[in-house]
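J.: Here it is, the structure in full.
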Amino acid sequence: MPRRCIASINLNAIKKNYLYAKSLSPNAKAIAIVKANAYGHGAIKVASHLEDCADCYGVACTEEAIELRNSGIDKTPILLMEGVFEVSEVKLIEKYNLIVTVCNSKQLQWLLDNQFNKSVDVFVKYDSGMGRLGFQGEEFINAINLLEESEKIGQITLMTHFSSADDLNSTSTNEQISNFDKTLYSKKYSTSLANSAAIMSLSESHREYTRPGIMLYGSSPFPKKTFLNKLTPAMTLSSVLISIKSFKVGQSIGYGCRYICKQDTLIGVVAIGYADGYPRSAEDGTPVYINGVKSKIAGRVSMDMITIDLTGVPNPQIGDCVELFGENISIDEVAEHCSTISYEIFTKITNRVYKSYV
Numbered sequence: 001m002p003r004r005c006i007a008s009i010n011l012n013a014i015k016k017n018y019l020y021a022k023s024l025s026p027n028a029k030a031i032a033i034v035k036a037n038a039y040g041h042g043a044i045k046v047a048s049h050l051e052d053c054a055d056c057y058g059v060a061c062t063e064e065a066i067e068l069r070n071s072g073i074d075k076t077p078i079l080l081m082e083g084v085f086e087v088s089e090v091k092l093i094e095k096y097n098l099i100v101t102v103c104n105s106k107q108l109q110w111l112l113d114n115q116f117n118k119s120v121d122v123f124v125k126y127d128s129g130m131g132r133l134g135f136q137g138e139e140f141i142n143a144i145n146l147l148e149e150s151e152k153i154g155q156i157t158l159m160t161h162f163s164s165a166d167d168l169n170s171t172s173t174n175e176q177i178s179n180f181d182k183t184l185y186s187k188k189y190s191t192s193l194a195n196s197a198a199i200m201s202l203s204e205s206h207r208e209y210t211r212p213g214i215m216l217y218g219s220s221p222f223p224k225k226t227f228l229n230k231l232t233p234a235m236t237l238s239s240v241l242i243s244i245k246s247f248k249v250g251q252s253i254g255y256g257c258r259y260i261c262k263q264d265t266l267i268g269v270v271a272i273g274y275a276d277g278y279p280r281s282a283e284d285g286t287p288v289y290i291n292g293v294k295s296k297i298a299g300r301v302s303m304d305m306i307t308i309d310l311t312g313v314p315n316p317q318i319g320d321c322v323e324l325f326g327e328n329i330s331i332d333e334v335a336e337h338c339s340t341i342s343y344e345i346f347t348k349i350t351n352r353v354y355k356s357y358v
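In structure tokens:
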């Protein structure tokens, strides 16, 4: 029996989520964030499927942008959200028709020193409170002024990123918006503020460009706020039972003898482990789905396998499909049991897992 560890990806679900994001801010253009291989879903496949509706794609680096261009995605704009990392990359902006983000004075100077044959569109990033990339205070205005003076620069868009938009009780997002707006003075440009969480909860942040990321893939920035979640899961991760054995009360399962059977227990072994991207941090009780019912992990995740409690599972057989997350088990629920977030689980799915597109 081949090792059937599969990530089944529903491209129509991703498109549905993208269109839902657009419906929440109908006057804005939506930059579909496909960095990190579209959060592990396959950037080329995802971007190709969105070509008839996407306003723009967002990537982290030139390598990701070039991969999309070389795959035939040649019309939709692509934004380099972290800009370029060295001066030699600047020539790639024009060659591959990219929009570049300017986050610091070094990137700004590289851009202004280059001899472009045509104007280049630019996003200028402001650090309104994230404490990561972007200009601060007057540096931001000075950067805009220098770009305004250059004949090489086309459309200028101003951008910031929220630190806590996924916390509905935090005041920091409104403070960041206020900080951003006050810094602009009389500057009149298109702006981009809203990530997935802000798209779903803060209409005043939508502006001219939104940046839906995790919501495209069906995971909510508000996993415990079900009233906000109208997203469709796009990835179902599954594998199969490869062993079934009975254990007596008191016997231990797996590395470190972490799980001790509290009763006579039927244990199944599933062909997936941390080498496939399933989190080693998954605790006992992390849910899985088999034969129409929920089951749970029993024992530490190994490199190639996990063990699950088959108590209450109807007629388990070797070869039965086990869903780790997807249609029946929320990735956000799994992430909580693993002390992580869905973003990390999605992006850590490895090449050992076969991707099937529907």
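Residues 1 to 358 (the numbering used here) make up the sequence shown, in order.
All C-beta atoms in this analysis are idealised placements derived from N, C-alpha and C, irrespective of residue type, glycine included.
Would you identify the three-state DSSP class for A38, choosing helix, strand or coil?
T.: Here residue 38 corresponds to residue number 38 of the sequence shown, with the count starting at 1. Here A38 sits in helix by DSSP.
J.: Give a yes or no on whether 9 Å exceeds the smallest Cβ distance from L310 to chain C.
T.: The structure shown contains no chain C; it holds only a single protein chain.
J.: For the structure I just gave you, are there three or more beta carbon pairs, one from the segment 282-294 and one from the segment 205-219, closer than 8 Å?
T.: Result no; under three Cβ-Cβ pairs closer than 8 Å.
J.: Is the segment 55-62 touching the segment 20-36 in the sense that three or more CB pairs, one from each, lie closer than 8 Å?
T.: Output reads yes: the segment 55-62 touches the segment 20-36.
J.: Give me the Cβ distance between L237 and G326, rounded to the nearest whole Å; I'm assuming they're in contact under 8 Å.
T.: As a position in the sequence shown, residue 237 is number 237, starting the count at 1. As a position in the sequence shown, residue 326 is number 326, starting the count at 1. Contact flag correct, Cβ pair sits at about 6 Å.
J.: Would you check if the distance between the CB atom of S205 and the CB atom of A194 is smaller than 9 Å?
T.: Locating residue 205 in the sequence shown gives position 205, counting from the first residue. Locating residue 194 in the sequence shown gives position 194, counting from the first residue. Going by C-beta atoms, S205 is nearer than 9 Å to A194.
J.: Kindly indicate which residue of S150, K296, M303, C321 has the alpha-carbon position closest to the one of G312.
T.: Translated into the one-based positions of the sequence shown, residue 312 becomes position 312. Closest option to G312, Cα to Cα, is K296.
J.: Can S25 and I199 be called in contact, C-beta distance under 9 Å?
T.: Your numbering for residue 25 matches position 25 in the sequence shown. Your numbering for residue 199 matches position 199 in the sequence shown. In this structure, I199 lies closer than 9 Å to S25 by Cβ.
J.: May I ask you to list the residues that DSSP assigns as paired with T265?
T.: As a working note, residue 265 is residue 265 in the sequence shown. Bridge partners of T265: F247.
J.: Leaving out five residues before and five after S246 in sequence, what residues of the same chain have Cβ atoms less than 8 Å from its Cβ?
T.: Your numbering for residue 246 matches position 246 in the sequence shown. If we look at S246 and ignore the five residues flanking it on each side, its Cβ neighbours are D264, T265, L266, I267.
J.: Identify whether F116 lies in helix, strand or coil by the three-state DSSP scheme.
T.: Position 116 of the sequence shown, counted from the start, is the residue given in the question as residue 116. The answer is coil: DSSP assigns F116 none of H, G, I, E or B.
J.: Classify E148: buried if its beta carbon has 16 or more other beta carbons within 10 angstroms, exposed otherwise.
T.: Reading the sequence shown from its first residue, position 148 is the one you call residue 148. Exposed is the call here.
J.: Please report the residue range of the alpha helix (DSSP H) in which D332 lies.
T.: To locate residue 332, count along the sequence shown from 1; it is residue 332. Segment 331-337, the alpha helix (DSSP H) holding D332.
J.: Helix, strand or coil, according to DSSP, for K22 in the structure here?
T.: Walking along the sequence shown from the start, residue 22 turns up at place 22. The answer is helix: DSSP assigns K22 an H, G or I state.
J.: Would you mind working out which of K187, I78, D127 sits nearest N104, comparing C-alpha positions?
T.: The sequence position of residue 104 within the sequence shown is 104, counting from 1. Cα-wise, what sits closest to N104 is D127.
J.: Please check the pair M215 and A30, which I expect to be a contact at CB under 8 Å, by giving their CB distance rounded to whole angstroms.
T.: For the purposes of this step, residue 215 is taken as the residue at position 215 of the sequence shown. For the purposes of this step, residue 30 is taken as the residue at position 30 of the sequence shown. Contact doesn't hold; Cβ gap of about 10 Å is too wide.
J.: Of the residues G154, M303, Y18, Q251, which one's Cα is nearest the Cα of Y274?
T.: As a working mapping, residue 274 is identified with position 274 in the sequence shown. When each option's Cα is compared against that of Y274, the closest is M303.
J.: K45 lies in the alpha helix (DSSP H); which residues open and close that run?
T.: Position 45 of the sequence shown, counting from 1, holds the residue named residue 45. Note, K45: alpha helix (DSSP H), 43-49.
J.: Run through the DSSP bridge pairs and tell me what Y7 is partnered with.
T.: For the purposes of this step, residue 7 is identified with residue 7 of the sequence shown, where counting begins at 1. According to the sequence provided, residue 7 is Ala. The question's Tyr does not apply to it. In the DSSP output, where bridge partners are listed per residue, A7 has L237, K355.
J.: Out of A47, F85, I153, point me to the one whose CA is closest to G72's CA.
T.: Counting from one through the sequence shown, the residue named residue 72 turns up at place 72. Comparing Cα positions, the closest option is A47.
J.: When the distance is taken between beta carbons, is E51 closer than 9 Å to K75?
T.: The residue you call residue 75 lines up with position 75 of the sequence shown. The residue you call residue 51 lines up with position 51 of the sequence shown. Closer than 9 Å, so yes.
J.: Use the C-beta contact count for T191: other C-beta atoms within 10 angstroms, 16 or more gives buried, fewer gives exposed.
T.: The sequence position of residue 191 within the sequence shown is 191, counting from 1. When all chains shown are included, T191 counts as buried.
J.: Is it right to say C257 is buried, meaning 16 or more other beta carbons lie within 10 angstroms of its own, or is it exposed?
T.: To locate residue 257, count along the sequence shown from 1; it is residue 257. Burial call: exposed.
J.: Would you call the CB atoms of G254 and G292 closer than 9 Å?
T.: By 1-based counting over the sequence shown, the position of residue 254 is 254. By 1-based counting over the sequence shown, the position of residue 292 is 292. Cβ atoms of G254 and G292: not closer than 9 Å.
J.: Please check the pair D121 and I99, which I expect to be a contact at CB under 8 Å, by giving their CB distance rounded to whole angstroms.
T.: As a working mapping, residue 121 is identified with position 121 in the sequence shown. As a working mapping, residue 99 is identified with position 99 in the sequence shown. Confirmed, Cβ separation roughly 5 Å.
J.: Buried or exposed for T350, going by 16 or more other Cβ atoms inside 10 Å?
T.: Counting from one through the sequence shown, the residue named residue 350 turns up at place 350. Per the 10 Å Cβ criterion, exposed.
J.: To which residues of the same chain is Q155 closer than 6 Å at the C-beta, ignoring the five residues directly before and after it?
T.: Numbered from 1 along the sequence shown, position 155 holds the residue referred to as residue 155. Excluding residues within five positions, the ones whose Cβ falls inside 6 Å are D121.
J.: Output needed for V353: all residues of its chain with C-beta closer than 6 Å, excluding positions within five of it in sequence on either side, in chain order.
T.: In the sequence shown, the residue the question calls residue 353 occupies position 353. Here the set comprises C5, A7, D276.
J.: When you compare the CB positions of K355 and I9, do they come within less than 9 Å of one another, or not?
T.: For the purposes of this step, residue 355 is identified with residue 355 of the sequence shown, where counting begins at 1. For the purposes of this step, residue 9 is identified with residue 9 of the sequence shown, where counting begins at 1. Taking 9 Å as the Cβ cut-off, K355 and I9 qualify as a contacting pair.
J.: Buried or exposed: which applies to M1, given that a residue is buried once 16 or more other Cβ atoms fall within 10 Å of its Cβ?
T.: Looking up residue 1 in the sequence shown gives position 1. The predicted model places M1 with a pLDDT of 45, which falls under 50 and marks its position as unreliable, so this point remains unresolved.
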